[in-house]
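Undergrad: Pasting a structure below so you can have a look.
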Amino acid sequence: MPAITLPDGTVRRYDGPVTGTAVAASIGPGLAKAALAMELDGRLLDLGTEITDDAALRFVTRRDEAALGMIRHDAAHVLAEAVQGLYPGTQVTIGPAIENGFYYDFARNEPFTPDDFPAIEARMREIVAANAPFQREEWPREEAIAFFEARGERYKAELIRDLPESETISIYRQGEWLDLCRGPHMRGTGDVGTAFKLMKVAGAYWRGDHRNPMLTRIYGTAWRDAKELDAHLHQLEEAERRDHRRIGREMDLFHVQEEATGQVFWHPKGWRLYSTVQEYMRRAQNRNGYQEVRTPLLVDRALWEASGHWENYREHMFVASVEDEQERRVLALKPMNCPCHVQIFRHGLRSYRELPLRMAEFGACHRYEPSGALHGIMRVRGFVQDDAHIFCTEAQIAPETARFVAMLAEVYRDLGFDGFRVKFADRPDNRAGDDASWDKSEAALVEACRLAGVEYELNPGEGAFYGPKLEFVLRDAIGRDWQCGTLQVDTVLPERLDASYVGEDSARHRPVMLHRAILGSFERFLGILIEQFAGRFPLWLAPVQVVVATIVSDAEPYALEVADALRRAGLAVQADTANEKINAKIRTHSLQRVPVILVVGRKEAEARTVAMRRLGGADQELLGVQEAVAALALEAAAPDLRRGTAA
RNA sequence: GCUGCUGUAGCUCAGUGGUAGAGCACUCCCUUGGUAAGGGAGAGGUCCAGGGUUCGAGUCCCUGCAGCAGCACCA
Numbered sequence: 135m136p137a138i139t140l141p142d143g144t145v146r147r148y149d150g151p152v153t154g155t156a157v158a159a160s161i162g163p164g165l166a167k168a169a170l171a172m173e174l175d176g177r178l179l180d181l182g183t184e185i186t187d188d189a190a191l192r193f194v195t196r197r198d199e200a201a202l203g204m205i206r207h208d209a210a211h212v213l214a215e216a217v218q219g220l221y222p223g224t225q226v227t228i229g230p231a232i233e234n235g236f237y238y239d240f241a242r243n244e245p246f247t248p249d250d251f252p253a254i255e256a257r258m259r260e261i262v263a264a265n266a267p268f269q270r271e272e273w274p275r276e277e278a279i280a281f282f283e284a285r286g287e288r289y290k291a292e293l294i295r296d297l298p299e300s301e302t303i304s305i306y307r308q309g310e311w312l313d314l315c316r317g318p319h320m321r322g323t324g325d326v327g328t329a330f331k332l333m334k335v336a337g338a339y340w341r342g343d344h345r346n347p348m349l350t351r352i353y354g355t356a357w358r359d360a361k362e363l364d365a366h367l368h369q370l371e372e373a374e375r376r377d378h379r380r381i382g383r384e385m386d387l388f389h390v391q392e393e394a395t396g397q398v399f400w401h402p403k404g405w406r407l408y409s410t411v412q413e414y415m416r417r418a419q420n421r422n423g424y425q426e427v428r429t430p431l432l433v434d435r436a437l438w439e440a441s442g443h444w445e446n447y448r449e450h451m452f453v454a455s456v457e458d459e460q461e462r463r464v465l466a467l468k469p470m471n472c473p474c475h476v477q478i479f480r481h482g483l484r485s486y487r488e489l490p491l492r493m494a495e496f497g498a499c500h501r502y503e504p505s506g507a508l509h510g511i512m513r514v515r516g517f518v519q520d521d522a523h524i525f526c527t528e529a530q531i532a533p534e535t536a537r538f539v540a541m542l543a544e545v546y547r548d549l550g551f552d553g554f555r556v557k558f559a560d561r562p563d564n565r566a567g568d569d570a571s572w573d574k575s576e577a578a579l580v581e582a583c584r585l586a587g588v589e590y591e592l593n594p595g596e597g598a599f600y601g602p603k604l605e606f607v608l609r610d611a612i613g614r615d616w617q618c619g620t621l622q623v624d625t626v627l628p629e630r631l632d633a634s635y636v637g638e639d640s641a642r643h644r645p646v647m648l649h650r651a652i653l654g655s656f657e658r659f660l661g662i663l664i665e666q667f668a669g670r671f672p673l674w675l676a677p678v679q680v681v682v683a684t685i686v687s688d689a690e691p692y693a694l695e696v697a698d699a700l701r702r703a704g705l706a707v708q709a710d711t712a713n714e715k716i717n718a719k720i721r722t723h724s725l726q727r728v729p730v731i732l733v734v735g736r737k738e739a740e741a742r743t744v745a746m747r748r749l750g751g752a753d754q755e756l757l758g759v760q761e762a763v764a765a766l767a768l769e770a771a772a773p774d775l776r777r778g779t780a781a
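Next comes the structure, spelled out in structure tokens:
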């Protein structure tokens, strides 16, 4: 006699076990038509599942957020059926729903290409139109293995073999086709709808392990209706329009070339942007009690052996060797700054009175990243970290964490980001240090988060090899997430490199090292910043802040005078006195995303005024020269400096 | 690193085994104009590199390099 509680609180009683389909039908024909699946005591289930006990029930309809995942998962099944129908001999493996869509991994000797998509999509639409019901069956394990092996589906057979004994082997049929699947599914293939599209084809390792064979993955996107699909496709276009590689080229910020793969040639405008951010960061660090240092790029391998990097990351380090009659020395370009900072800390006796000691460096690091990892200026082999190490006592971990999070929040806000999330990455499989010290450092970091009021989600097993870390994830203007900041608790490196200080008790103690960065690397962060603003930077960050454009050549001397006044006020200004019409000049500099154009013609030259036009705006403002210079100089000040002058 | 795709002028891209193309950008000339493209002329090429097939290769094949997408990696 199940009693079923609906979301509005009403309770319906049934004489015996009843399916979700029957419950929906007993409530009303509208719901019977709309219900795709159900949530029973919070568990998403097929409508066909029998309800035997008292439970809270909620029906999932197409409008429900939960429907999206089901549409995508079902679409993956439809894709698999379509592919096996069109390309016999292709083995199926797995096909989950993912953010924005789904994929399915196939094993086939021939690769798929996007040219195959129209045929596959057409077949998928036929399958959807046929609306075969999804039918769940439970099979004995051995039977299932034998079935898939007989069909040559060795990946499926392997999956079943590796399922825990306790797991029920469930099979979902859709018409003639079937697949091993945990479920749940909607009523039938028709519920997938038509708002899907195959997107790309790519290789992917079987079970995500690079030692396994590579499968062919087909990605698709799927939505509840055509409007959502269009919005998603539009968002992808927007992301492409903002691509930092494209904007970097269009605005002449930087380039990369074969002779220095994975390293950036910063052009004058790009370097101005870089410098503006670096100067801002330097001021932020100074305000927050950091001492800036500079350490060598090329360091003897002995130090990397001592730190453990040689053992763990040798193949990802750039190694240099020198030879003379006496000896051969092997050095490596530093892949990180920490061991060098420890050398400064170790130089001379340190007192507890000096702690916490915050040592910062804009540290140029080099890592031989795998070729496939390189991406524009976001993932490179030569980069500069806004790195710092805080040498402190265990008791200082919490207050230093709080202080760091406050600094990071201010920096992100100043640089134009609304908010960030925090992830807590705990001990990885491959790690240094014993479990007791991991217990201690993880507990310390948890406590620090509590004291600092930091809420986080867990990112299990993703810590650094020497300690747990907090990861700070930015969300950009079009909703993409970027991990930039980090704070890591390290008790291993001070031990390995023998860092110590003299305590109040006049005995030697090990400091804790907090590794921390806010931007991560300048290269990556500037790439993110470019995409965040789509190249339309606020005035203080813009690499060219003002263009003074003439209408007639008679205004040229005046235009140069105005540009000079702006330059002396510290603004990045260009004069455009070219033999072009003002329309063309406006267009050129607007495409270059220059925030302010000052137009000067005969009238302005005579009245000593400028006509100021903002990027994207249609109207203009007539100002006196001095007035314009003063206003722009004020507006172009970095946010921290503006707060300073306002205070 | 792995799978697939791509590499032609500064940029975006055409190019059928038979003399290397367009638009934009660039230079010069005309034009002196009022807020997103004025007109004309000119210059610009190791067709990624090396090897092979062929009477003949930008085009076909092989190797390498680089880029793109994804996977794996990311101290």
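Taking the numbering used here, the leading residue of the first sequence gets 135, the next gets one more, and so forth. Even glycine gets a Cβ: it sits at the ideal position worked out from N, Cα and C. Fair warning: this is a prediction, and the values are worked out from it, not measured in the lab.
In this structure, what does DSSP give as the bridge partners for Ala570?
TA: Residue numbering aside, residue 570 sits at position 436 when the first sequence is read from its first letter. None, per the DSSP bridge assignment.
Undergrad: Counting beta carbon pairs with one atom in the region 357 to 376 and one in the region 639 to 648, are three or more of them shorter than 8 Å?
TA: No, because fewer than three Cβ pairs between the region 639 to 648 and the region 357 to 376 fall closer than 8 Å, the two stretches do not touch.
Undergrad: For Trp674, which residues of its own chain have a beta-carbon under 6 Å away from its beta-carbon, when the five flanking residues on both sides are left out?
TA: As a position in the first sequence, residue 674 is number 540, starting the count at 1. If we look at Trp674 and ignore the five residues flanking it on each side, its Cβ neighbours are Ala770 and Ala772.
Undergrad: With DSSP run on the structure shown, which of helix, strand or coil describes Val390?
TA: In the first sequence, the residue the question calls residue 390 occupies position 256. Val390 falls in the coil class under three-state DSSP.
Undergrad: With burial defined as no fewer than 16 other Cβ atoms inside 10 Å of the residue's Cβ, what is the status of His475: buried or exposed?
TA: Mapped onto the first sequence, residue 475 falls at position 341. With 16 or more other Cβ atoms within 10 Å, it is buried.
Undergrad: Could you tell me which residues DSSP pairs with Trp357 in its beta bridges?
TA: Locating residue 357 in the first sequence gives position 223, counting from the first residue. Partner(s): none; Trp357 has no beta bridge.
Undergrad: Looking only at its chain, what residues have a beta carbon closer than 6 Å to the beta carbon of Glu591, apart from the 5 residues adjacent to it on each side?
TA: Here residue 591 is taken as the residue at index 457 of the first sequence, counted from 1. Within the same chain, Glu591 has close Cβ partners Lys557.
Undergrad: Cutting at 6 Å between CB atoms, please list the residues of its own chain near Arg484, excluding the five before and the five after it.
TA: Position 350 of the first sequence holds residue 484. Around Arg484: Tyr635.
Undergrad: So what does Phe558 bridge to, in DSSP terms?
TA: Numbered from its first residue, the first sequence carries residue 558 at position 424. Paired residues: Leu592 and Leu604.
Undergrad: So, are the CB atoms of Gly229 and His211 less than 8 Å apart?
TA: Within the first sequence, numbered from 1, the residue matching residue 229 stands at position 95. Within the first sequence, numbered from 1, the residue matching residue 211 stands at position 77. The answer is yes: Cβ separation under 8 Å.
Undergrad: Using the beta-carbon count (16 or more within 10 Å), is Val145 buried or exposed?
TA: In the first sequence, the residue the question calls residue 145 occupies position 11. Exposed.
Undergrad: Just reading off the beta strand (DSSP E) that Tyr148 is part of, what are its end residues?
TA: Counting from 1 along the first sequence, the entry for residue 148 is found at position 14. That residue, Tyr148, is in no beta strand (DSSP E); it is neither H nor E in DSSP.
Undergrad: Label Leu621 either buried or exposed according to how many other C-beta atoms from any shown protein chain fall within 10 Å of its C-beta, with 16 as the threshold for buried.
TA: Within the first sequence, the letter at position 487 stands for residue 621. With 16 or more other Cβ atoms within 10 Å, it is buried.
Undergrad: What's the call for Met135, buried or exposed, on a 16-neighbour Cβ count within 10 Å?
TA: Here residue 135 corresponds to residue number 1 of the first sequence, with the count starting at 1. Exposed is the call here.
Undergrad: Straight-line CA distance for Pro690 to Thr535?
TA: Walking along the first sequence from the start, residue 690 turns up at place 556. Walking along the first sequence from the start, residue 535 turns up at place 401. The displayed chain sequence assigns Glu, not Pro, to residue 690. Annotation: Glu690 to Thr535 spans about 56 Å, alpha carbon to alpha carbon.
Undergrad: How close, in whole Å, do the beta carbons of Gln666 and Asp610 come, if the pair is a contact with beta carbons under 8 Å?
TA: Translated into positions along the first sequence, residue 666 becomes position 532. Translated into positions along the first sequence, residue 610 becomes position 476. The distance from the Cβ of Gln666 to that of Asp610 is about 5 Å, consistent with a contact at the 8 Å cut-off.
Undergrad: Glu339 to Val733, Cα distance in whole Å?
TA: By 1-based counting over the first sequence, the position of residue 339 is 205. By 1-based counting over the first sequence, the position of residue 733 is 599. Residue 339 is actually Tyr in this sequence, not Glu. The alpha-carbon atoms of Tyr339 and Val733 are separated by roughly 58 Å.
Undergrad: Pop quiz: Lys403 and Val678 are said to be a contact at Cβ under 8 Å. What is the actual Cβ separation, rounded to whole angstroms?
TA: Numbered from its first residue, the first sequence carries residue 403 at position 269. Numbered from its first residue, the first sequence carries residue 678 at position 544. Going by Cβ atoms, the distance from Lys403 to Val678 rounds to 6 Å, so yes, they are a contact pair.
Undergrad: Alpha carbon to alpha carbon, what distance is there between Leu407 and Arg435?
TA: Residue mapping note: residue 435 aligns to position 301 of the first sequence, counting from 1. Residue mapping note: residue 407 aligns to position 273 of the first sequence, counting from 1. Cα to Cα, the separation comes out at about 35 Å.
Undergrad: Taking DSSP as the reference, what is the three-state secondary structure of Val763?
TA: Mapped onto the first sequence, residue 763 falls at position 629. Here Val763 sits in helix by DSSP.
Undergrad: Can you tell me whether Val730 is buried or exposed? The criterion is at least 16 other CB atoms within 10 Å of its CB, across all chains shown.
TA: Taking the first residue of the first sequence as position 1, residue 730 is located at position 596. It counts as buried.
Undergrad: Below 7 Å CB to CB, which residues in the same chain sit around Arg492 once its five sequence neighbours on both sides are set aside?
TA: Residue mapping note: residue 492 aligns to position 358 of the first sequence, counting from 1. Here the set comprises Gly423, Tyr424, Gln425, Ala522 and Ile524.
Undergrad: Please state if the CB of Ser640 and the CB of Gly601 are separated by a distance shorter than 8 Å.
TA: Taking the first residue of the first sequence as position 1, residue 601 is located at position 467. Taking the first residue of the first sequence as position 1, residue 640 is located at position 506. For Gly601 and Ser640, no; Cβs fall outside 8 Å.
Undergrad: Are Ala703 and Ala765 close, meaning C-beta to C-beta below 8 Å?
TA: For the purposes of this step, residue 703 is taken as the residue at position 569 of the first sequence. For the purposes of this step, residue 765 is taken as the residue at position 631 of the first sequence. It is not a contact, given that the beta carbons lie outside the stated cut-off.
Undergrad: Going by the beta-carbon positions, is the gap between Met333 and Met204 smaller than 8 Å?
TA: Locating residue 333 in the first sequence gives position 199, where the first residue counts as 1. Locating residue 204 in the first sequence gives position 70, where the first residue counts as 1. No, Cβ-Cβ distance for Met333 and Met204 is not below 8 Å.
Undergrad: Please work out which residues of its chain come closer than 7 Å, Cβ to Cβ, to Glu629, disregarding the five sequence neighbours upstream and downstream, and give them in chain order.
TA: Taking the first sequence and counting its residues from 1, the one referred to as residue 629 is at position 495. Correct list, in chain order: Arg644.
Undergrad: Who pairs with Ile352 in a beta bridge, going by DSSP?
TA: The residue labelled residue 352 in the question sits at position 218 within the first sequence. Looking at the DSSP assignment, Ile352 forms a beta bridge with Tyr238 and Val335.
Undergrad: How many Å lie between Phe606 and Pro222 at the Cα?
TA: Here the question's residue 606 lines up with position 472 in the first sequence. Here the question's residue 222 lines up with position 88 in the first sequence. Distance between Phe606 and Pro222, taken at the CA atoms: about 47 Å.
Undergrad: Is the region 244 to 253 close to the region 286 to 296, with three or more CB pairs under 8 Å?
TA: no
Undergrad: Could you give the distance in angstroms between the alpha-carbon of Thr527 and the alpha-carbon of Ala633?
TA: The residue given as residue 527 occupies position 393 in the first sequence. The residue given as residue 633 occupies position 499 in the first sequence. C-alpha separation (whole angstroms): 12 Å.
Undergrad: Report all residues from its chain with a CB closer than 7 Å to the CB of Gly442; omit the five preceding and five following residues, and keep chain order.
TA: What you label residue 442 is simply residue 308 of the first sequence in a count that begins at 1. So the qualifying residues of the chain are Ala566 and Arg630.
Undergrad: Look at the alpha carbon of Gly106 and the alpha carbon of Ile720, and state the distance between them as a whole number of angstroms.
TA: Past the edges of the chain, shown from 135 to 781, lies residue 106, and the structure says nothing about it.
Undergrad: State buried or exposed for Arg515, treating a residue as buried only when at least 16 other CB atoms are found within 10 Å of its CB.
TA: Position 381 of the first sequence, counted from the start, is the residue given in the question as residue 515. The residue in question, Arg515, is buried, as its Cβ has 16 or more Cβ neighbours within 10 Å.
Undergrad: Once you ignore the five residues that flank Ile716 on each side, which residues in its own chain have a CB closer than 7 Å to its CB?
TA: Along the first sequence, read from residue 1 onward, the residue named residue 716 stands at position 582. Taken in chain order, the residues that qualify are Ala683, Ile685 and Val733.
Undergrad: I'd like the span of the alpha helix (DSSP H) that includes Ala693, first residue to last.
TA: Mapped onto the first sequence, residue 693 falls at position 559. Residues Glu690 to Arg702.
Undergrad: Looking at Val217: is its Cβ nearer than 8 Å to the Cβ of Ile261?
TA: Here residue 217 refers to the residue found at position 83 when the first sequence is read from its first residue. Here residue 261 refers to the residue found at position 127 when the first sequence is read from its first residue. Not a contact, by the Cβ cut-off of 8 Å.
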